[in-house]
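Chains A and B supply the protein sequences, listed in that same order. Mapping to my numbering: the first sequence position 1 is 1, numbers consecutive. Add 112 to the 1-based position in the second sequence for my numbering, that's all there is to it.
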Amino acid sequence: AAGVIQSPRHLIKEKRETATLKCYPIPRHDTVYWYQQGPGQDPQFLISFYEKMQSDKGSIPDRFSAQQFSDYHSELNMSSLELGDSALYFCASSLEAQETQYFGPGTRLLVL
Amino acid sequence: SQQGEEDPQALSIQEGENATMNCSYKTSINNLQWYRQNSGRGLVHLILIRSNEREKHSGRLRVTLDTSKKSSSLLITASRAADTASYFCATDNQGGKLIFGQGTELSVKP
């Protein structure tokens with residue numbers, strides 16, 4: 001069965017650069033969630049979208065923005081990167097009416 | 113963690129033994145979910161238990177939920193070396209977003 005696809009899988013950036021992470025949800029899933037997991041930490045919710053509209057917002061820095069497109073894929077844009085942004089970034093998708101979130105493999109971002 | 117504690121933080125057992133992990137949370141919930149994560153990899157959904165359920169089984173997994181104590185436990189029976197991973201509980205309070213616990217690192221020795 002098709003799973004959540006994230007790209008790139010690994011990304012190395014320098015401080016103050018920008019990065020764009022992409023997420024392709026499971027076909028027919030209309031809800032996308034973004035989570036950040038720092039080293040040795042639990043995943044922290046960043047932001048979510050339902051039917052291309054932002055549905056909830058968590059601990060997402062103002063330097064980050066995200067959107068969901070008409071084909072339901074989502075992009076997380078990160079600007080003015082800081083060393084502390086180094087983390088695993090997960091995207092998850094679900095059907096709005098269902099509760100289970102299916103996670104992608106994550107993008108490992110390293111900021112030097 | 114935004115949510116609460118997972119207990120223990122690390123657990124080491126022998127293959128064939130049972131592993132029990134506990135999770136506490138702070139707010140009212142719609143459901144509680146358990147996820148597994150191999151080192152640095154993605155999160156795999158294991159089981160979901162709704163707030164009106166007390167116990168649920170899936171293969172070698174047994175989950176209990178006590179909403180009066182705001183706690184849940186995950187039992188893995190007859191553990192295998194391949195069960196070695198981090199296990200996270202996560203709560204959904206009807207907003208859709210998941211709030212994760214700190215995780216338990218399980219090591220199953222052959």
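The beta carbon of each residue, even a glycine, is placed where N, CA and C say it ideally should be. Being a predicted model, the structure only gives us computed values, none of them experimental.
For residue 178 of chain B, does the three-state DSSP call read helix, strand or coil?
On the second sequence, position 66 is the one that residue 178 of chain B refers to. DSSP places residue 178 of chain B in strand when its eight states are reduced to three.
Please list, in chain order, the chain A residues whose beta carbon lies closer than 8 Å to that of residue 143 of chain B.
Counting from 1 along the second sequence, the entry for residue 143 of chain B is found at position 31. Chain A residues near residue 143 of chain B: 99.
Between residue 150 of chain B and the rest of its own chain, which residues show a CB-CB distance below 7 Å, the 5 nearest in sequence each way excluded?
Taking the second sequence and counting its residues from 1, one reaches residue 150 of chain B at position 38. The residues are 197.
For the ligand FMN, is there a heavy atom less than 7 Å away from the beta-carbon of residue 13 of chain A?
By its list of ligands, the structure shown contains no ligand whatsoever, and the ligand FMN lies outside what it can speak to.
For residue 214 of chain B, go through chain A and note every residue whose CB falls closer than 9 Å to its CB, in chain order.
The residue labelled residue 214 of chain B in the question sits at position 102 within the second sequence. Under the 9 Å cutoff, chain A gives 41, 42.
Residues in the same chain with beta-carbon distance under 7 Å from residue 87 of chain A, minus the five sequence neighbours each way, listed in chain order, please.
As a position in the first sequence, residue 87 of chain A is number 87, starting the count at 1. If we look at residue 87 of chain A and ignore the five residues flanking it on each side, its Cβ neighbours are 36, 37, 38, 109.
Per the contact definition of three or more C-beta pairs closer than 8 Å, is the stretch 113–133 of chain B in contact with the stretch 64–72 of chain A?
They do not touch, by the three-pair rule.
Counting contacts by CB-CB distance shorter than 8 Å, is residue 125 of chain B in contact with chain A?
In the second sequence, the residue the question calls residue 125 of chain B occupies position 13. Chain A contact via Cβ: absent.
Does the stretch 166–183 of chain B touch the stretch 207–217 of chain B, meaning 3 or more C-beta pairs lie closer than 8 Å?
no
Interface residues of chain B around residue 106 of chain A at Cβ under 9 Å?
Position 106 of the first sequence, counting from 1, holds the residue named residue 106 of chain A. What residue 106 of chain A touches in chain B: 152, 153, 154, 155.
Kindly identify the DSSP beta-bridge partner or partners of residue 45 of chain A.
The count along the first sequence starts at 1 and reaches residue 45 of chain A at position 45. Residue 45 of chain A pairs with A:35.
Within 10 angstroms of the Cβ of residue 43 of chain A, are there 16 or more other Cβ atoms? Answer buried if so, exposed if not.
In the first sequence, residue 43 of chain A corresponds to position 43, counting from 1. Its Cβ being crowded by 16 or more others within 10 Å, residue 43 of chain A is buried.
How big is the Cα-Cα spacing for residue 6 of chain A and residue 68 of chain A?
Residue numbering aside, residue 6 of chain A sits at position 6 when the first sequence is read from its first letter. Residue numbering aside, residue 68 of chain A sits at position 68 when the first sequence is read from its first letter. Computed Cα separation, rounded: 14 Å.
Under 8 Å, Cβ to Cβ, is there at least one residue of chain A near residue 204 of chain B?
To locate residue 204 of chain B, count along the second sequence from 1; it is residue 92. So yes, residue 204 of chain B belongs to the interface.
Which bits of chain A does residue 208 of chain B rub up against, with CB to CB less than 9 Å?
Within the second sequence, the letter at position 96 stands for residue 208 of chain B. What residue 208 of chain B touches in chain A: 31, 33, 48, 50, 55, 56, 94, 96, 99, 101.
N- and C-terminal bounds of the beta strand (DSSP E) containing residue 90 of chain A
The sequence position of residue 90 of chain A within the first sequence is 90, counting from 1. Start and end: 87–94.
Starting from residue 22 of chain A, trace the beta strand (DSSP E) in both directions and tell me its first and last residue.
Taking the first residue of the first sequence as 1, we reach residue 22 of chain A at position 22. Run containing residue 22 of chain A: 19–24, per the beta strand (DSSP E) assignment.
Start and end residues, beta strand (DSSP E) containing residue 167 of chain B:
For the purposes of this step, residue 167 of chain B is identified with residue 55 of the second sequence, where counting begins at 1. First-last of the beta strand (DSSP E) with residue 167 of chain B: 167–170.
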